[in-house]
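Under our numbering, the first residue of the sequence shown is numbered 7, with each subsequent residue one higher.
All C-beta atoms, glycine included, are put in the ideal place defined by N, C-alpha and C.
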Amino acid sequence: MPTAAIVGAGLIGCSWAHVFARAGWEVRVWDAAEAQRSSATHRIAESLRDLERHGLVDDAERASRRVRVFPTLEDAVASADYVQESGPETLDVKQDLFARMDRAARPETVLASSTSAIVASQFTAALPGRGRCLVAHPVNPPHLAPVVELCGAPWTDAGCIARAREVMDAVGQAPVEVRREIDGFILNRLQAALLSEAFRLVQDGYVTPADLDRTIADGLGLRWSFMGPFETIELNAPGGIADYCRRYVPWFRRYLAAPPPRSVWDDANWQRAADAWGPPPDERAIAEKSRWRNDRLAALAAHKRTQPKS
């Protein structure tokens, strides 16, 4: 049975444990916080049961038994075939964790980080085993949104990227390769472009936050749940992408020629948009809405399993 070590048992780490456990892997979990370690197996088991109801996990109880929590990082990674780090998004923490993992893991073991904002070259440069280190950036939550961005440092071995891709394919994820390091990787940069325009439209009074969200949830998001932007525009003109560009590039040029007069991310500006959304939710409301979101994502994932690829 292949073995995955999950370093960090927060929201993302437990979701990764779920991914590997349902795929039949033995999962070894560690977190620096005792409270996270003590609750990890319960949280993972709960998410597995939730997905079993949608037919996305064959046997939640059996999958749960494949998950074990270890008292030290070194114990967790010592015999792992693959390691996924999901610790705090802080450079010095990443450097420390990867140094410890590099010492404790077998030489052939891939060491991957879930980081969404720190490229691998910043925390692997000094490691003897830096060639087997990379970023495997997931979407939150990984057990329901399968895309994983694989991005190595300049010194990451090509074989390491290939092995990580094999692992992600084997456990049901959807790997994409970021061919060279870039701040924010691919998904976050796309999200930043959309969020910047969303905040701008709200701040300038063109639309309410609720109606903007409806535009995505009941418009663009429906198409994007099955196809990406290139495939989408291929169907928006009779002659495909080139025809679409001939028709609509003049508008894109006008849009880009009129830069915004101010930054949407200045504190006063983003605060105005946040206030327009409404009061911030409490912790219980966030937990309840996250559970609802996960249930809807599970239903969508179950539906997509039954559909042919385009």
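By Cβ distance, which residues of its chain are closer than 8 Å to residue i, with the 5 residues on each side in sequence left out?
i, result
"A180", "P152, V153, V154, M174"
"W230", "T238"
"L218", "A204, L207, V208"
"A2", "Look at the range of the chain in this structure, 7 to 316, and you will see that residue 2 is not part of it."
"P113", "G135, R138"
"D271", "The question names Asp, but residue 271 is Trp in the sequence shown. Only S202, F205 meet the Cβ criterion."
"G178", "V25, R28, A29, P152"
Under 6 Å Cβ to Cβ from residue i, same chain only, skipping five residues before and after it: list those, please.
i, result
"A11", "R34, A82, V83, A86, V89"
"S70", "A51, L54"
"D108", "L133, G135"
"E183", "L156"
"R169", "V116"
"L303", "L150"
Who pairs with residue i in a beta bridge, going by DSSP?
i, result
"T9", "E32"
"A223", "DSSP lists no partner for A223."
"A118", "Q90, L140"
"V75", "V35"
Using a threshold of 8 Å, state whether the C-beta atoms of residue i and residue j are closer than that.
i, j, result
"T47", "V73", "yes"
"V25", "H149", "yes"
"A215", "A274", "The sequence given here places Pro at residue 215; Ala does not occur at that position. For P215 and A274, no; Cβs fall outside 8 Å."
"K100", "F76", "no"
"T78", "W22", "no"
"A123", "E80", "no"
"L62", "A307", "yes"
"C166", "V116", "yes"
"I18", "N146", "yes"
"A305", "H60", "yes"
"V56", "D301", "Reading the sequence as shown, one finds Asp at residue 56 and not Val. Yes; because the gap between Cβ atoms is below 8 Å, this pair is in contact."
"R43", "C20", "no"
Can you have a look at residue i and say buried or exposed, based on whether 16 or more other CB atoms are within 10 angstroms of its CB?
i, result
"E91", "buried"
"I222", "exposed"
"R259", "exposed"
"D288", "exposed"
"L241", "exposed"
"W31", "buried"
"A199", "exposed"
"G93", "buried"
"F232", "exposed"
"R28", "buried"
"L228", "exposed"
"A15", "buried"
"A131", "exposed"
"V255", "exposed"
"A39", "exposed"
"T9", "buried"
"A164", "exposed"
"L103", "buried"
"A66", "buried"
Please work out which residues of its chain come closer than 7 Å, Cβ to Cβ, to residue i, disregarding the five sequence neighbours upstream and downstream, and give them in chain order.
i, result
"R253", "A243"
"I247", "F236, I239, E240"
"T121", "E95, K100, V141, H143"
"W276", "F205, V270"
"L97", "I124, Q128, F129"
"N190", "Here residue 190 turns out to be Gly, not Asn, going by the sequence shown. Closer than 7 Å at Cβ, skipping near neighbours: A123, A198."
Taking 7 Å as the cut-off, is the beta-carbon of residue i closer than that to any non-hydrogen atom of the ligand SAH?
i, result
"L306", "No copy of the ligand SAH occurs in the structure displayed, which carries no ligand at all."
Going along the chain, which unbroken runs of the beta strand (DSSP E) with 3 or more residues stay wholly within the region 124-204?
Qualifying beta strand (DSSP E) stretches, in chain order: 139-144, 153-158, 180-183.
Contiguous alpha helix (DSSP H) assignments of at least 4 residues, all confined to the region 222-259
The qualifying runs are 227-230, 235-240.
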